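Heads up: the sequence lines are chains A and B, in that order.
Taking the working numbering, the leading residue of the first sequence gets 72, the next gets one more, and so forth.
Taking the working numbering, the leading residue of the second sequence gets 168, the next gets one more, and so forth.
Built from N, CA and C at the ideal position, the CB exists for glycine as well.
For clarity, every value in this text was computed on a predicted model and none was experimentally measured.
Beneath this line is the structure, given in structure tokens, with notes to follow.
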Amino acid sequence: DGGITQSPKYLFRKEGQNVTLSCEQNLNHDAMYWYRQDPGQGLRLIYYSQIVNDFQKGDIAEGYSVSREKKESFPLTVTSAQKNPTAFYLCASSMTVGTEAFFGQGTRLTVV
Amino acid sequence: AQSVTQPDIHITVSEGASLELRCNYSYGATPYLFWYVQSPGQGLQLLLKYFSGDTLVQGIKGFEAEFKRSQSSFNLRKPSVHWSDAAEYFCAVGVRGMNTGFQKLVFGTGTRLLVSP
């Protein structure tokens, strides 16, 4: 089945530790995205990538980093510089302009 | 800047009654518009989309939406709500890049639909 796989579904980390969230897609999509979701704030764009080895900051990139070494993979690292990392993180992918984005099932990160 | 407004944070509808969820957008060009649905703890599922053409678009699960350019709106409707429709609904506008045609989504803050017996 084609789709987007995020892992793990739940993640717990201690404050001050970096953590990497996985996102893999087998839809052959060029574009991939990371969104953060907080209650009452909708989804906010963290980073996006249009093609392999290229990515751009979204609206709330501070404290996050990404890589796009392969077309199907777009991991997100939440660094210790992110002041409030506890949130629900959603990965998505799409073809280029004119098509919709498909979402993974999300990773809930809790930092204690 | 592009933005999407969903003025209703919560809406409660009786099962079998009709539903309308409001969405207003701000975008300088012709918009690509989407409605997504999210069940608790899950990802987002696309309900329907508008790119061009007929301003009344049909989606999955019996949903439809109407694009009204003059009102900058893209309201979601369903004639008869089922208990399984209880979820959070997000409206989004697709933003195109200046030269590359790249599209990203800007989301509204969502409307939580509650369905009463």
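_Any chain B beta carbon closer than 9 Å to Tyr-135/A_ = To locate residue 135/A, count along the first sequence from 1; it is residue 64. Cβ-Cβ to chain B under 9 Å: no for Tyr-135/A.
_Quick check: is the beta carbon of Gly-226/B nearer than 9 Å to any beta carbon in chain A?_
For the purposes of this step, residue 226/B is taken as the residue at position 59 of the second sequence. With 9 Å as the cut-off, Gly-226/B does not count as an interface residue toward chain A.
*Val-183/A classed as buried or exposed, judged by whether at least 16 other C-beta atoms fall within 10 angstroms*: Translated into positions along the first sequence, residue 183/A becomes position 112. Exposed, since its Cβ has fewer than 16 Cβ neighbours within 10 Å.
*Kindly give me the distance between the Cβ atoms of Ser-283/B and Ser-181/B, rounded to whole angstroms, as I take these residues to be in contact under 8 Å.*
Walking along the second sequence from the start, residue 283/B turns up at place 116. Walking along the second sequence from the start, residue 181/B turns up at place 14. Right, their Cβ atoms sit about 5 Å apart.
_Taking the alpha-carbon of Thr-150/A as reference, which of Phe-159/A, Lys-141/A, Gln-112/A and Ala-132/A has the nearest alpha-carbon?_
One-based indexing of the first sequence puts residue 150/A at position 79. For Thr-150/A, the nearest C-alpha among the options comes from Ala-132/A.
*DSSP three-state call for Ser-144/A: helix, strand or coil?*
Here residue 144/A is taken as the residue at index 73 of the first sequence, counted from 1. Three-state result, Ser-144/A: strand.
*Where the segment 169–183 of chain A meets chain B: residues whose CB sits under 7 Å from a CB there*: Gly-169, Glu-171, Ala-172, Phe-174, Gly-175, Gln-176 and Gly-177
*Give every residue of the same chain whose Cβ lies closer than 8 Å to the Cβ of Leu-272/B, excluding the five residues on either side of it in the sequence, and list them in chain order.*
As a first step, residue 272/B must be located in the second sequence, where it is residue number 105. Phe-201, Ala-259, Val-260, Gly-261 and Val-262, listed in sequence order.
*asked:* Comparing C-alpha positions only, which one of Gly-229/B, Leu-223/B and Glu-187/B sits nearest to Leu-243/B?
replied: Numbered from its first residue, the second sequence carries residue 243/B at position 76. Of the candidates Gly-229/B, Leu-223/B and Glu-187/B, the one whose C-alpha sits nearest the C-alpha of Leu-243/B is Glu-187/B.
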